[in-house]
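Chemist:
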Amino acid sequence: MSENIYIFSNGELKRKQNTIYFEVKDGNHKYLPVENIREIHLFGEVILNKDALEFLSQKEIILHFYNYYGYYVGSFYPREHYNSGYILLKQVEHYLDFEKRRYLALKFVEGAISNIITVLSYYRRKGINLESLDKINALYQNLFYQNTIEEIMAIEGKVREIYYSEFNKIIENKEFIMDKRSKKPPENQINALISFGNSLLYSYILSEIYKTHLDPRIGYLHATNFRRFTLNLDIAEIFKPIIVDRVIFYITNKNMLSSRDFEEKLNGIYLKESGRKIFISKIEEKLRTTVFYKKLGKNVSYRRLIRMELYKLEKHLIGDEKYYPLISEW
Amino acid sequence: MYVIMVYDINEERVNKVLKVGRKYLTWVQNSVLEGEITEAKFEKLKIEIKEIINPEEDSVIFYIFRTTKYTEREILGIEKNKKDNMFL
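Sequence lines, in order, name chains S and G.
Just so we're aligned: the first sequence equals residues 9 to 338 in the working numbering.
Just so we're aligned: the second sequence equals residues 57 to 144 in the working numbering.
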């Protein structure tokens, strides 16, 4: 049961007495149990030295950095400890061979759309009129006839557009209105929530990738480039609807957030610290929630499901078992 | 599982026990630490502590809970260390 730590205060993070020590600017301090930390998310202005980084690296703790607006900046990704040249070669092989790459890209989008349908069907059963579900279903059928990665992405884009347009019907609180998806900057509160939630999910998945042999630099749906990790973006597509979006519906419909938890900066709307804390604690709760997983015959948490998705991908790459995305049944 | 660690150690060694305990659990007040821990980590913690203490003089007690569902925590006076340690 390792935990994530979120640092919002300004201060200094050090190694002290073989554990992690955080000293807040106002003089408060706290020892953190190093054996029990999985990752640290830094939102505040934190000072670190090499000694601390060395120690974190040794303990295999990942640091995720966010800027003032809550955007993901980067991670301190300690030296790979599961260094597998074999898997790396296989990953590259599946990227360079177009048919193999297309298969994986298609599966990620298939998972994403299926899970969007699951989420929408739930609200339809609750009596909300979601006529676009049929349109999404039609696009989903079409997906399997697409040849290029761009076409696959285009279908996904269209589905997402229709899906986001239904948010207003699902979110009962009229304080939150979704017009269209806008990023950089998010133009309204729902967009701010989606952006923040997605960036958290990307970093959670990156942390899970770290614990497997996979290399996060090689993604299949998102083209590999010089700039960023892409495999976590691919996997995130599958989990966004069932983790991030569900948490957004939950906290808005339960009135856990109000316009006081947002602020306007740089012509965009961003979550304030109070809002971020509420959102993070709910998303953490979600990750710990367990669901019954038929194939294993036992309950597993959402975080575990992410890891299992990566293991499935590893198996596919080494030719053990074909990869099928997680399609939520609950 | 959830563990509460309470200790009474000779002054010569008390600091060493505290140092080890802090790696695994959260300090709550003098001679008391608590926190969520896996079974394997708990075994590691016990081994590390056994190496330090003198079984003739020192005493360490662990209260072990499978979950904290049925427990409640009440504080009188000051709370020396806030329990909610996910946010800093």
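Even for Gly, the Cβ is constructed at its ideal location relative to N, Cα and C.
(1) Given Ser92 (chain S), which residues of its chain have a CB within under 6 Å of its CB, disregarding the five upstream and five downstream residues?
(2) Under a three-way DSSP split, which group does Phe257 (chain S) fall into?
(3) Under 8 Å, Cβ to Cβ, is there at least one residue of chain G near Phe106 (chain S)?
(4) Could you compute how far the alpha carbon of Arg46 (chain S) sits from the alpha carbon of Glu139 (chain S)?
(5) Locate the alpha helix (DSSP H) running through Thr126 (chain S), then write down its first and last residues.
(6) Of all the options S:Tyr29, S:Ser215, S:Val100 and S:Leu334, which has the alpha carbon lying nearest to the alpha carbon of Trp83 (chain G)?
(7) Using DSSP with H/G/I as helix, E/B as strand and the rest coil, what is Asn240 (chain S)?
(8) Take Lys182 (chain S) as the anchor and find which of S:Phe257, S:Ala60 and S:Leu61 has the nearest alpha-carbon.
(9) Please report the straight-line C-alpha distance between Asn145 (chain S) and Ile125 (chain S), rounded to a whole angstrom.
(10) Using alpha carbons as the reference points, say which of G:Lys79, G:Glu107 and G:Ala96 lies closest to Lys67 (chain S).
(11) Any residues in the region 286-300 of chain S with a beta carbon nearer than 9 Å to a beta carbon of chain G? Which ones, in chain order?
(12) Starting from Asp64 (chain G), follow the beta strand (DSSP E) in both directions and report where the run begins and ends.
(13) Got a sec? Which residues, its chain only, sit under 6 Å from Asp269 (chain S) by beta carbon, not counting five neighbours each side?
(14) If contact means a Cβ-Cβ distance below 8 Å, which residues of the region 26-40 of chain S contact chain G?
(15) Is Phe106 (chain S) near the ligand FMN, going by C-beta to nearest heavy atom under 7 Å?
(16) How should Arg133 (chain S) be labelled, buried or exposed, when 16 other C-beta atoms within 10 angstroms of its C-beta is the threshold for buried?
(17) Any chance the region 154-167 of chain S sits against the region 117-131 of chain S, with 3 or more Cβ pairs inside 8 Å?
(18) List the residues of chain S that Thr82 (chain G) touches, going by C-beta distances under 9 Å, in chain order.
(19) Is there contact here, the region 67-76 of chain G with the region 319-333 of chain S, by at least three beta-carbon pairs under 8 Å?
(20) Where do the N-terminal and C-terminal ends of the alpha helix (DSSP H) with His324 (chain S) fall, by residue?
(21) Taking Cβ positions, are Ala244 (chain S) and Tyr218 (chain S) nearer each other than 8 Å?
(22) At a cut of 8 Å, does the region 15-29 of chain S reach the region 128-140 of chain G through at least three beta carbon pairs?
(23) Could you tell me whether the Cβ of Phe204 (chain S) comes closer than 8 Å to any Cβ of chain G?
(24) Leu208 (chain S) lies in the alpha helix (DSSP H); which residues open and close that run?
(25) Closest to His72 (chain S) by C-alpha separation, out of S:Leu96, S:Leu50 and S:Ser336, would be which residue?
(26) Can you find a CB in chain S that lies within less than 8 Å of the CB of Arg78 (chain G)?
(27) Can a CB atom of chain S be found closer than 8 Å to the CB of Lys75 (chain G)?
(28) Is the separation between the beta-carbon of Gln197 (chain S) and that of Ile288 (chain S) shorter than 8 Å?
(29) Measuring CA to CA, which of S:Arg87, S:Leu96 and S:Asn12 is closest to Leu239 (chain S)?
(30) Rounded to a whole number of angstroms, what is the C-alpha to C-alpha distance between Leu56 (chain S) and Ile120 (chain G)?
(31) Ser83 (chain S): buried (16+ other C-beta within 10 angstroms of its C-beta) or exposed?
(32) In chain G, which residues lie less than 8 Å from Phe16 (chain S) when you measure between Cβ atoms?
(33) Restricting to Cα atoms, I'd like to know which of S:Ser215, S:Glu11 and S:Ile226 is closest to Arg109 (chain S).
(34) Pick helix, strand or coil for Ile136 (chain S), following the three-state DSSP scheme.
(35) What are the start and end residues of each continuous beta strand (DSSP E) run of 3 or more residues lying completely inside the region 99-127 of chain G, in chain order?
(36) Which parts of the region 25-56 of chain S are runs of the beta strand (DSSP E), unbroken and 3 residues or longer, counting only runs that do not cross its ends?
Modeler: Well, looking at it:
(1) His221.
(2) helix
(3) no
(4) 42 Å
(5) Phe106 to Arg133
(6) S:Tyr29
(7) helix
(8) S:Phe257
(9) The alpha-carbon atoms of Asn145 (chain S) and Ile125 (chain S) are separated by roughly 8 Å.
(10) G:Lys79
(11) Ile288, Ser289 and Glu292
(12) Tyr58 to Asp64
(13) Lys280, Ser282 and Gly283
(14) Asn26, Thr27, Phe30, Val32, Lys38, Tyr39 and Leu40
(15) Ligands in the displayed structure: none, and consequently the ligand FMN is not present.
(16) exposed
(17) yes
(18) Lys38, Tyr39, Leu40, Pro41 and Asn44
(19) no
(20) His324 (chain S) -> alpha helix (DSSP H) spans Tyr310 to Leu325.
(21) No, these two residues do not count as a Cβ contact at 8 Å.
(22) no
(23) no
(24) Gln197 to Tyr218
(25) S:Leu50
(26) Closer than 8 Å to some Cβ of chain S, the Cβ of Arg78 (chain G) qualifies, so yes.
(27) yes
(28) no
(29) S:Leu96
(30) 35 Å
(31) buried
(32) Phe143 and Leu144
(33) S:Ile226
(34) coil
(35) 115-121
(36) 27-32, 37-40, 45-50 and 54-56
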